[in-house]
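Heads up: the structure comes next, in structure tokens.
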Amino acid sequence: MLLDTHTLVWYVEGSQKIGTATREAVRLGSLDNQVLVSAITPWEIALLVSKKRLLLSSDVMDWVNEVLAKPGVSLVPLEPKIAVASTRLPFDMHLDPADRILVATARRFGATLVTADRALLDLAVQGYFKVQDAME
Numbered sequence: 009m010l011l012d013t014h015t016l017v018w019y020v021e022g023s024q025k026i027g028t029a030t031r032e033a034v035r036l037g038s039l040d041n042q043v044l045v046s047a048i049t050p051w052e053i054a055l056l057v058s059k060k061r062l063l064l065s066s067d068v069m070d071w072v073n074e075v076l077a078k079p080g081v082s083l084v085p086l087e088p089k090i091a092v093a094s095t096r097l098p099f100d101m102h103l104d105p106a107d108r109i110l111v112a113t114a115r116r117f118g119a120t121l122v123t124a125d126r127a128l129l130d131l132a133v134q135g136y137f138k139v140q141d142a143m144e
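Using my numbering, you'd call the opening residue of the sequence shown number 9 and step up by one each time.
In structure tokens:
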């Protein structure tokens, strides 16, 4: 599974926004080394913190390092294949670069994108990528 940025933050920070089923799926996925975090996610988190749209329990760099050191969590590099694929998705999608990279990453690895982003959830209905609603 590939965690969308907000899903990762909700999970790590213990937010009630994340659904019980999702929380358990992430917990179980981490036991099997199946929790992926895109390289774009630390950038997006740091950007939100810098804009004061997100407050974390510790300094952003410390927070990211702690999360990526957790057992079962793997950082997926932004390899050229993903970067290029994010500009050539075979369906119409909004231009948010982070979302496009997340979708391209999920497609590249056949991973389920765990998100509460309504636009991504609705887009996945077309069958181009798999999603799980993070609020379930």
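Beta carbons are placed, not taken as given, at the ideal position from N, Cα and C, and that holds for glycine.
In three-state terms, what does DSSP make of Ser-38?
For the purposes of this step, residue 38 is taken as the residue at position 30 of the sequence shown. Three-state result, Ser-38: helix.
Exposed or buried, what is Val-72 when buried is set at 16 or more other beta-carbons lying within 10 Å of its beta-carbon?
Stepping through the sequence shown from its first residue, residue 72 is reached at position 64. Burial call: buried.
Assumed close pair Ile-53, Val-17 - CB separation to whole angstroms, cut-off 8 Å
In the sequence shown, counting from the first residue as 1, residue 53 sits at position 45. In the sequence shown, counting from the first residue as 1, residue 17 sits at position 9. Yes, they are in contact, since the Cβ atoms of Ile-53 and Val-17 sit about 7 Å apart, within 8 Å.
Which same chain residues, not among the five before or five after Pro-98, have their C-beta less than 7 Å away from its C-beta?
Translated into the one-based positions of the sequence shown, residue 98 becomes position 90. Around Pro-98: Tyr-136.
Could you check what DSSP says for Val-133 in three-state terms: helix, strand or coil?
Counted from its first residue, the sequence shown places residue 133 at position 125. Coil, per DSSP.
Give the C-beta separation of Gly-37 and Met-143 to the nearest angstrom, bearing in mind that I take them to be a contact with Cβ-Cβ under 8 Å.
For the purposes of this step, residue 37 is identified with residue 29 of the sequence shown, where counting begins at 1. For the purposes of this step, residue 143 is identified with residue 135 of the sequence shown, where counting begins at 1. With 8 Å as the limit, Gly-37 and Met-143 do not qualify as a contact, their Cβ atoms being about 17 Å apart.
In terms of residues, what are the limits of the alpha helix (DSSP H) holding Ser-82?
Position 74 of the sequence shown, counting from 1, holds the residue named residue 82. Careful: Ser-82 lies outside any alpha helix (DSSP H), inside the beta strand (DSSP E) at 81 to 84.
Is DSSP giving Thr-3 helix, strand or coil here?
There is no way to answer for residue 3, as the model of the chain reaches only from 9 to 144.
Please confirm whether Val-122 and Leu-11 have their CB atoms less than 7 Å apart.
Counting from one through the sequence shown, the residue named residue 122 turns up at place 114. Counting from one through the sequence shown, the residue named residue 11 turns up at place 3. For Val-122 and Leu-11, yes; Cβs fall inside 7 Å.
If you draw a straight line from the alpha carbon of Thr-95 to that of Leu-86, how long is it in whole angstroms?
To locate residue 95, count along the sequence shown from 1; it is residue 87. To locate residue 86, count along the sequence shown from 1; it is residue 78. Taking the straight line from one Cα to the other gives about 13 Å.
Mapping DSSP to helix, strand and coil, what is Leu-44?
Counting from one through the sequence shown, the residue named residue 44 turns up at place 36. In this structure, Leu-44 counts as strand in the three-state DSSP scheme.
Can you tell me the Cα-Cα spacing of Gln-24 and Gln-140, whole angstroms?
The residue given as residue 24 occupies position 16 in the sequence shown. The residue given as residue 140 occupies position 132 in the sequence shown. About 17 Å.
State buried or exposed for Asp-125, treating a residue as buried only when at least 16 other CB atoms are found within 10 Å of its CB.
Walking along the sequence shown from the start, residue 125 turns up at place 117. Label assigned to Asp-125: buried.
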